[in-house]
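> Note that the working numbering has the sequence shown beginning at 1, numbered continuously upward. Here a beta-carbon is modelled for each residue, glycine too, at the ideal position from N, C-alpha and C. Note that the coordinates shown come from a computational prediction; the quantities given were computed from them, not determined experimentally. Quick one: the structure is below, and I'll ask about it shortly.
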Amino acid sequence: MNHERAWNRLLASLRTWADVREVTGGVEVSFLGGAGARRTVEVVMTPGEWDELSEVIQLESSDSMKRRLLALEDDKPFLVCDSGVELIASSSRDLPPDELADFTPEPGGEWVVTDEAGNVVSRFADWSDNDH
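Right, dumping it as structure tokens:
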């Protein structure tokens, strides 16, 4: 697949307000932060991952990328793409540890679906193999 069109649109958009330099495994973006200080953030993401985020699942756009970069906390100089699914702020080029990786539910727990008010509307035990 040719991911260059989406990638080039992203770079062109970033260049309207920041200095952009392609680096191995991503792009480095330098801009004036909220306090007026120069800030550099590395976005660790391939053109294919950007294509996935912006074109396929349409989770991100050039505008959302700008908002993300400007909102990053000072101790997070990296935005790391997690397998083309989401961008995660990090203190290094690596994804931060998954806080739920070692999660084990207590015995007797169950999976449920709740509505916006927190009411249980479905229980895993109620589902059949025919539910899709």
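(1) According to DSSP, is A71 part of a helix, a strand, or is it coil?
(2) Taking the beta strand (DSSP E) that G26 belongs to, which residues open and close that run?
(3) Tell me S90's beta-bridge partners as DSSP assigns them.
(4) Any beta carbon of chain D sitting closer than 8 Å to that of D75?
(5) Shortest alpha-carbon distance to N133 belongs to which of R67, S90, I57, P47?
Here's the rundown:
(1) Position 71 of the sequence shown holds residue 71. Residue state, collapsed to three classes: helix.
(2) In the sequence shown, counting from the first residue as 1, residue 26 sits at position 26. Unbroken beta strand (DSSP E) run through G26: 26 to 32.
(3) Within the sequence shown, residue 90 is the residue found at index 90, counting from 1. In the DSSP output, where bridge partners are listed per residue, S90 has F78.
(4) Chain labels in this structure do not include chain D; a single protein chain is all it has.
(5) Since the first and last residues shown for the chain are 1 and 132, residue 133 lies out of range.
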